[in-house]
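Residue numbers (UniProt numbering): 1 to 220. Note that beta-carbon positions come from the ideal geometry of N, C-alpha and C, so glycine has one too.
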Amino acid sequence: MSTALHDDVEASVNRIRSCQANQHGIPDNAGDIIRGADGHAESYLHGATVLSTLAGFSLSQDIDVSQNRVYQAYEDRFGPPPAVRGGFRDRFDRSRHADEDAAKASELGSLSDRLSRMAGHLSNGINYRCRNACRDDWVLWTQVGRNHRRINMCPDFFTSGYSESQQAIGIIHELGHNRLRLDHHNANTSAQRVGNPECYASFVADIFGVNSWDSQCPPR
């Protein structure tokens, strides 16, 4: 990791609490691990923001995006916009468009806006706190509507063998909860996927070739 990225990481972590090494699996370098994952998450979000904008613009200009990785990730994780009277609706901003491609281009732009908000929230500083115990299968967690700048790190974050890239995707999932205030993990319909934070995290993961450990937004 470059020195410049380390500088960005230091600026985006407000506080790391209760992360001393202990018998629950918190390692002695927990702070460094968190900072590395935080920096990766910020880089991924900034990159995905730009790439989503470009994919949406390409689609709006009738450029073939069928083999574009960003477009494929969008199709896999969010699916198509719904048909409504008079056209198709952007599920993110509720705008209406005459044809499906125009609605998809709009959705990619709207998705870029949401990712940008998540990146800004992260760069303004997150309070990370290590927890000695969590519910089964939890790796990290936050609360929707409360403690908007706290992300809690479970022992599994450090002990499950996840790469720094996978840890970063986990942080992005939690930002969907505490910045976008998304409060469910339903993925049965295209409409539900817009409100599921894992769909955003998996979208970013797909763009950068990362395997998310979370299966709550499977490819369509």
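(message) For ASP90 and CYS134, what's the separation of their Cα atoms in angstroms?
(response) For ASP90 and CYS134, the distance between alpha carbons rounds to 37 Å.
(request) Determine the DSSP secondary structure at ILE97, reduced to helix, strand or coil. (result) As written in the sequence, residue 97 is His, which differs from the Ile given in the question. DSSP places HIS97 in strand when its eight states are reduced to three.
(request) Can you give me the start and stop residues for the beta strand (DSSP E) that ILE16 sits inside? (result) Element bounds for ILE16: 13-17.
(request) Taking ALA134 as part of the alpha helix (DSSP H), name the residues at either end of that continuous run. (result) In the sequence on display, residue 134 carries Cys and not Ala. Bounds of any alpha helix (DSSP H) do not take in CYS134, whose DSSP letter is neither H nor E.
(message) If the criterion is Cβ atoms closer than 7 Å, does the pair SER112 and SER52 meet it?
(response) Closer than 7 Å, so yes.
(request) Using the Cα positions of HIS6 and ASN211, report the straight-line distance between them to the nearest angstrom. (result) Because the pLDDT at HIS6 is just 32, under 50, the model does not fix this residue reliably, and the value given afterwards should be weighed accordingly. Rounded to whole angstroms, HIS6 to ASN211 spans 24 Å at the Cα level.
(request) Please list, in chain order, all residues of the same chain as LEU59 whose beta carbon is under 8 Å from its beta carbon, the five residues on each side excluded. (result) So the qualifying residues of the chain are VAL65, TYR71, ASP101, LYS104, ALA105 and LEU108.
(request) Pick out whichever of ALA205, ILE207 and ASN132 has its Cα sitting closest to the Cα of GLY25. (result) Nearest option by C-alpha distance: ASN132.
(message) Quick check on this structure: which residue in GLN61, ARG77, GLY120 and ARG129 has the alpha carbon closest to the alpha carbon of GLY195?
(response) A check of alpha carbon separations from GLY195 across GLN61, ARG77, GLY120 and ARG129 identifies ARG77 as the nearest.
(message) Under 8 Å, with one C-beta from each stretch per pair, do the segment 155-172 and the segment 33-46 reach the 3-pair mark?
(response) Contact between the segment 155-172 and the segment 33-46 is present, because at least three Cβ pairs lie under 8 Å.
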